[in-house]
Each structure stands twice: as C-alpha cells, then as structure tokens.
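Report on the structure given below.
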Amino acid sequence: MRAVIRPARPEDVPALIGLIRELAEYERAPSEAVATASQLHEALFGPQPAVFCDVAESDGVVVGMAIWFLNFSTWLGRHGIYLEDLYVMPDRRGHGHGKALFANLARRCVREGYGRLEWNVLDWNTPAIDFYVGLGATGMEEWTIHRLSGDSLMQLAQEAPPQSSP
199 MRAVIRPARP EDVPALIGLI RELAEYERAP SEAVATASQL HEALFGPQPA
249 VFCDVAESDG VVVGMAIWFL NFSTWLGRHG IYLEDLYVMP DRRGHGHGKA
299 LFANLARRCV REGYGRLEWN VLDWNTPAID FYVGLGATGM EEWTIHRLSG
349 DSLMQLAQEA PPQSSP
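Under the working numbering, the first residue of the sequence shown carries the number 199, and numbering increases by one thereafter.
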C-alpha cells in the first residue's frame with residue numbers, strides 16, 4: 199500500500215473533487231464545499247496557477263492530496279508554503295501517506311529556501327492535531343484566524359476608495 203507522491207495532473211481533478219467533498223463531510227461542513235471540477239482545473243492547470251496540488255497515489259488510485267500555495271512572511275523576508283488542505287482517505291490512513299505528503303512539502307520548502315510550512319486545523323480534530331505534533335509541528339496558540347466572506351466581504355469592498363489608473 200505504499201504511495202507514490204507526485205504533482206497532480208489534469209486527469210486527477212475528479213478524484214480531487216471527491217477528496218474535497220470527503221474532507222468537507224469530515225469537517226462537518228459539506229454544504230460549504232461548492233468548488234466545481236472546472237474551477238479546480240482552472241486553479242491548478244490554468245494559464246497562471248497560483249495553487250498547487252500533490253497527490254498520494256497507491257495502486258493507480260489517488261488516495262490523498264495536499265493542496266497548497268505560496269505565502270510570504272514579511273518578518274522572514276521569504277516565501278513559505280500554506281497548506282490549504284491535506285486529506286487521506288480513511289481506509290488508507292496509517293500507511294504513511296499523510297506523512298509522505300508533508301515530507302514532500304517540507305523538502306520543497308528546504309529546496310526553495312522557503313521559511314515555513316503552515317496550515318490550520320480545527321480545534322476539535324484531535325487525531326489531526328496529534329498527527330501534526332508527531333511531525334514536530336507547533337500550535338500557534340496566540341494567533342486567531344479572522345475571515346471576511348459573503349456579505350461582509352462585499353460590504354467592505356464597496357467602501358474601498360477609487361483606485362487611480364496605472
């Protein structure tokens with residue numbers, strides 16, 4: 199059951215959408231996973247992709263994914279990787295696929311000179327937290343995530359001052 203870690207390919211998009219839906223179910227938010235296959239395809243494989251994906255493949259089947267993008271630390275003066283989603287099918291957990299996906303991202307950080315690898319985890323997801331701590335990760339206890347979306351995002355956008363043309 200050893201997995202191969204590789205960059206996602208266009209033909210993986212249906213499997214990735216399936217994994218995203220499974221993750222949303224697990225995180226108790228299935229109605230929030232509204233991304234379509236065409237949106238994901240464009241984001242990953244369009245003319246200027248800003249998001250990337252590695253997959254764990256076992257016996258020709260995509261069994262896990264790591265969807266990530268570059269962020270930037272003004273304090274370090276370097277890019278880092280922000281891991282948006284990591285997911286391994288429940289029946290494929292415990293075989294090292296998740297760790298292999300993380301190790302692959304860590305290798306990329308080291309190779310490219312990136313300063314950190316970051317992600318969020320739900321506070322009730324103790325299996326994931328235990329897994330991350332086992333990798334050597336540190337929880338950022340002092341930091342709280344804030345988000346603007348939906349109507350709040352639209353309202354604030356309408357308050358933006360006009361921009362001058364370049």
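Quick reminder that beta carbons are idealized off the backbone N, C-alpha and C, glycines included.
These numbers come from a predicted model, not from an experiment.
In the structure shown, the three-state DSSP call for aspartate 289 is helix. Taking the CA atoms as reference points, tryptophan 322 sits about 14 Å from glutamate 339.
In the three-state DSSP reduction, serine 256 falls in the strand class (E or B). Around the beta carbon of valine 259, fewer than 16 other beta carbons sit within 10 angstroms, so the residue counts as exposed. Contact holds between the region 279-287 and the region 298-309, because three or more Cβ pairs, one in each stretch, are under 8 Å apart. Taken in chain order, the complete beta strand (DSSP E) segments of 3 or more residues contained in the region 203-276 are 250-256, 259-271.
Around the C-beta of tryptophan 273, fewer than 16 other C-beta atoms lie within 10 Å, and the residue is accordingly described as exposed.
Within the region 278-324, the beta strand (DSSP E) runs of at least 3 residues that lie entirely inside it are, in chain order, 315-317. With distances taken between CA atoms, leucine 268 lies nearest to Gly311 out of Ser256, Gly311, Ile343.
In summary, valine 253 is buried, with 16 or more beta-carbon neighbours lying within 10 Å of its beta-carbon over all protein chains present. The C-beta distance from alanine 298 to alanine 201 rounds to 6 Å, short enough to meet the 8 Å contact threshold. Under the three-state reduction of DSSP, glycine 334 is assigned to coil, being neither helix nor strand. Note on geometry: alpha-carbon atoms of serine 350 and isoleucine 343 lie some 16 Å from one another. For serine 350, the enclosing alpha helix (DSSP H) begins and ends at 348-356. Within the same chain, Cβ atoms closer than 8 Å to the Cβ of tryptophan 266 are found at Val249, Phe250, Cys251, Asp252, Ile279, Tyr280, Leu281, Glu282, Leu303, the five residues on either side in sequence being excluded.
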